[in-house]
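Following full-length UniProt numbering, the numbering of the sequence shown begins with 1 at its first residue and continues without gaps.
Glycine included, C-beta positions come from ideal geometry on N, C-alpha and C.
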Amino acid sequence: MGGKGMTWILVGVLALFVVSNSLFIIKETERGVMLQFGQVVTPDLKPGLHVKIPFVNSVRKFEGRLLTVDSTPERFFTLEKKALIVDSFAKFRVADTLKFYTATNGEEERAMALLGQRINDGLRNQVAVRSIQEVVSGQRDQLMEELTEALTDVAFEEYGVEVLDIRVKKIDLPPDVSESVYRRMNAEREKEAREHRALGQELAEGIRAAADREVTVITANAYRDAELIRGEGDALATAIYAEAFNADQEFYSFTRSLRAYQDSFQNSGDLLLIQPDSNFFRYLKDPQGGK
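See the structure below:
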């Protein structure tokens, strides 16, 4: 290969190098600025293919999608001077690339640190004018809405970012306070449990006494009714016996004697000591009963 061919190869390589360093792409999910010797010349590069001057211009790209800043849990004091540990996070995105680059040098971590400090300061101010109940449940949504609204303008002016939402993940009592609160709550629940048990025992005793009383009344009424029925039955039986006896006294005596014989001589080993001329044997001696 001659010297002329080598020259063309070198020219081609140099041209390829210049073109590769002159063209760059901004993706749809990115934001960017073009610098010229460290100074911003194009503050907001749109998505697409762009051209720069090699060794003169440089490009800084930023994330264009939503970013999350997870703040460090902080101790805040409520209106009653009660301490709370509040853990929060925020959603933001780069809105003004020039302000963002100027304030953070294009570093997302630095932007998150600055924004996290702002969020904690805002939370401290919001918690300080509310009670524990309002912070935890009563005005929690209102607190986050007011903080988001107040921080949006400040974050945009200072850092070039748009704060879309701030949320409180968790609110806890400090460890030194949690134990005492737990013990107090446990004591209150035990007291309430004892009161419920005492009330239940009192009700149970009342129900048991009423049941025992009802059993006694029912048993007494049943015994009374049984005695009345038994008395009526005995009276009816006596009347039947009297009527039968009056109808044929001799036959009645005969059947009673036969029943007495049957009951007396059921077993072969039974002995009966009685006078032979006793009235007990009169139907054995004479079927007519001695007539």
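| Item | Value |
| --- | --- |
| Nonlocal neighbours in the same chain, by C-beta distance under 8 Å from lysine 169, ignoring five residues either side | Asp87, Ser88, Phe89 |
| Nearest residue (CA-CA) to glycine 106, options Glu149, Ile132, Phe62 | Phe62 |
| Aspartate 70: first and last residue of the uninterrupted beta strand (DSSP E) it sits in | 67-70 |
| Arginine 183 to arginine 189 span [Cα, whole Å] | 10 Å |
| Rounded Cβ spacing between threonine 79 and alanine 128 (contact assumed at less than 8 Å) | Reading the sequence as shown, one finds leucine at residue 79 and not threonine. Leucine 79 to alanine 128, Cβ: 7 Å. Contact. |
| Runs of alpha helix (DSSP H) lying entirely within the region 133-192, each at least 4 residues, in chain order | 140-159 |
| Counted within 10 angstroms of its Cβ, other Cβ atoms place valine 51 as buried (16 or more) or exposed | exposed |
| Option nearest lysine 46 by Cα separation, candidates Ile53, Ile26, Val56 | Ile26 |
| Coil, strand or helix - lysine 61 by DSSP | strand |
| Local conformation of lysine 99 per DSSP, three classes | helix |
| Paired residues, beta bridge with glutamate 30 - DSSP | Glu63 |
| Cβ distance (whole Å) where alanine 83 is taken to contact proline 174 below 8 Å | 5 Å |
| Beta carbon of lysine 99 nearer than 8 Å to that of glycine 160 | yes |
| Boundaries of the beta strand (DSSP E) in which arginine 49 is found, first to last residue | Per the sequence shown, residue 49 should be read as leucine rather than arginine. Taken as a continuous stretch (DSSP letters only), the beta strand (DSSP E) holding leucine 49 covers 48-51. |
| Glutamate 179 to aspartate 172 span [Cα, whole Å] | 12 Å |
| Classification of residue 317 by the beta-carbon crowding that lies within 10 angstroms, buried from 16 upward | As shown, the chain starts at 1 and ends at 291. That puts residue 317 outside it, with no answer to give. |
| 8 Å CB neighbourhood of serine 22 in its chain, flanking five on each side removed | Val51, Lys52, Ile53, Pro54 |
| Pairwise C-alpha distance: arginine 140 and glutamate 134 | 6 Å |
| Selection from Gly64, Glu214, Ile85, Arg65 that minimises the alpha carbon distance to proline 73 | Ile85 |
| Helix, strand or coil at glutamate 74 [DSSP, three-state] | strand |
| Status (buried if at least 16 other CB within 10 Å, exposed otherwise) for alanine 103 | buried |
| Beta-bridge partners of glutamine 36, as assigned by DSSP | Gln39, Asn57 |
| is_contact[glycine 116, chain B] using C-beta, thresh 8 Å | Absent here is chain B; the protein component of the structure consists of one chain. |
| Residue environment, glycine 48, which counts as buried when at least 16 other CB atoms sit within 10 Å | exposed |
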